[in-house]
Ligand SMILES: NC(=O)c1ccc[n+]([C@@H]2O[C@H](COP(=O)([O-])OP(=O)(O)OC[C@H]3O[C@@H](n4cnc5c(N)ncnc54)[C@H](OP(=O)(O)O)[C@@H]3O)[C@@H](O)[C@H]2O)c1
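Residue numbers (our numbering): 19 to 386.
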């Protein structure tokens, strides 16, 4: 008996990860079709043109994961129920500084609404959920792929809401696979950055001498990954039957860079430009979290407004640096036939790219 053609329901296809996953899945399987859930049809038009998606294989429905039934009309739901064979759920609110209720509305209720709608899809045989490695929250040490504990708490509402979402997926009774990327920073080949996040914001603060202190041990590893690695991994693995019920950490793992080395590489790269070198900006002092909290308080009370703003922005993610983790990636590596690119192979290229596009200005409006 032949396997019926896949019709994949995508959320988050206008985002950094989802669009690239969709493009790759369509390219890999000429029989695959997709339906994307988008909030804004006009924005989807632009994104699908930029992605150069093959004509006639992707339909779009307008909806919103925060709404019961995804906000879809009954007319829209009927054909979906007839066709959809798999879900790739990549929609999320990825801003770390959101209040918990706001993060939950997208990241937790969004999953619940999607699972509720998918309950009416008889052909559905896979629910692929994009989570984050930082569901591990405040836990330290080796973070195993199968682990799902949330007993140590979280650094921000994003982490907590993504943890809660994983539980909904696990409890759904569906055939699921969960992907946990660490922080996506650039494309590996040219170091190009298509979307700024907390890492680029943090780098800007370091570059402009607005982060004089960090709560980290020199040997703590910073785990980041390239976008192309994450998208290719999800595209290849999302529908693989042997991965049912597995959680795969798409992380640098042993290829993560210790803070000390990362600062070395970064200062060396920036120092090549005489105008930056002349400013004599010192590397940040690395300290324990209690000292860092005292520094935050002092800045809040007496610091100038630029430094206050910078330290507030860092507060949503810098504490992760004081919670050293080593993400286990054995299941992901085995499924993919190898590990993620080591951070030291592309970090300097990304820094060059950032400087060449003047990211310090561009990143100013980015919310942590
Ligand atoms: N980027 C990272 O570093 C990173 C790291 C680890 C895990 N992840 C995970 O990877 C997934 C994708 O993240 P990303 O970086 O691609 O995020 P992104 O670029 O911010 O894209 C978010 C996507 O979610 C959609 N979305 C947001 N709210 C929605 C709503 N209420 N209803 C429907 N769609 C909504 C957005 O659509 P609009 O165009 O309408 O805004 C967009 O397509 C997320 O699950 C995230 O947690 C990301």
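We treat Cβ as the ideally placed atom computed from N, Cα and C, and that holds for glycine.
Model, not experiment: these values are computed from the prediction.
Same chain, Cβ closer than 6 Å to residue i, neighbours up to 5 away in sequence not counted
i	result
residue 17	In the structure as shown, the chain begins at 19 and stops at 386. Residue 17 is therefore absent and cannot be evaluated.
residue 288	294
residue 170	155, 156 and 157
residue 19	Because the pLDDT of residue 19 is 47, which lies under 50, any placement of that residue in the model is unreliable, and the number read from its coordinates should be weighed accordingly. Same-chain partners within the cutoff: there are none.
residue 222	378 and 381
Limits of the alpha helix (DSSP H) - the one that residue i falls within
i	result
residue 331	323-332
residue 120	118-125
residue 37	36-46
residue 301	No alpha helix (DSSP H) contains residue 301, which DSSP labels as neither H nor E.
residue 2	Nothing about residue 2 can be reported from this structure: the residues present for the chain run from 19 to 386 only.
residue 344	Here residue 344 belongs to no alpha helix (DSSP H); instead the beta strand (DSSP E) covers 343-345.
residue 97	92-101
Neighbourhood of residue i by C-beta, 8 Å cutoff - its chain only, sequence neighbours within 5 removed
i	result
residue 63	none
residue 131	83, 84, 85, 86, 87 and 88
residue 326	317 and 318
Local Cβ density within 10 Å of residue i, reported as buried at 16 or more and exposed below that
i	result
residue 259	exposed
residue 111	buried
residue 306	exposed
residue 117	exposed
residue 38	buried
residue 394	Residue 394 is absent from the model: the chain starts at 19 and stops at 386.
residue 323	exposed
residue 144	buried
residue 67	exposed
residue 61	exposed
residue 122	buried
residue 23	exposed
residue 286	exposed
residue 241	buried
For residue i, the nearest candidate out of the options (CA to CA)
i	options	result
residue 159	318, 357, 343 and 275	343
residue 165	313, 144 and 188	188
residue 141	135, 104 and 167	104
residue 85	93, 114, 125 and 269	125
residue 108	40, 60 and 97	40
residue 238	45, 54 and 271	271
residue 302	151, 224, 321 and 27	224
residue 215	127, 331 and 292	331
residue 154	146, 137 and 176	176
residue 45	284, 256 and 72	72
residue 47	31, 75 and 57	75
residue 234	296, 304 and 206	304
For residue i, the first and last residue of its enclosing beta strand (DSSP E)
i	result
residue 199	194-199
residue 145	144-148
residue 78	76-80
residue 159	159-161
residue 51	51-56
residue 104	104-107
residue 28	25-29
residue 267	264-268
Inter-residue CB distance, residue i and residue j (contact presumed, cutoff 8 Å)
i	j	result
residue 280	residue 377	So it is not a contact: roughly 17 Å between Cβ atoms.
residue 51	residue 80	That belief does not hold up - the Cβ atoms of residue 51 and residue 80 are roughly 18 Å apart, past 8 Å.
residue 148	residue 35	6 Å
residue 13	residue 228	Given a span of 19 to 386 for the chain in the structure shown, any question on residue 13 remains unanswerable.
residue 254	residue 339	Not quite, the Cβ-Cβ distance comes to about 31 Å (not below 8 Å), so this is no contact.
residue 249	residue 195	With 8 Å as the limit, residue 249 and residue 195 do not qualify as a contact, their Cβ atoms being about 15 Å apart.
residue 200	residue 345	6 Å
Close Cβ partners of residue i (< 7 Å) along its chain, the five nearest in sequence each way excluded
i	result
residue 333	314
residue 219	331, 381, 384 and 386
residue 368	203, 204, 209 and 211
Neighbour flag for residue i against chain D, beta carbons, 8 Å
i	result
residue 311	Absence of chain D from the displayed structure is noted, only one protein chain being present.
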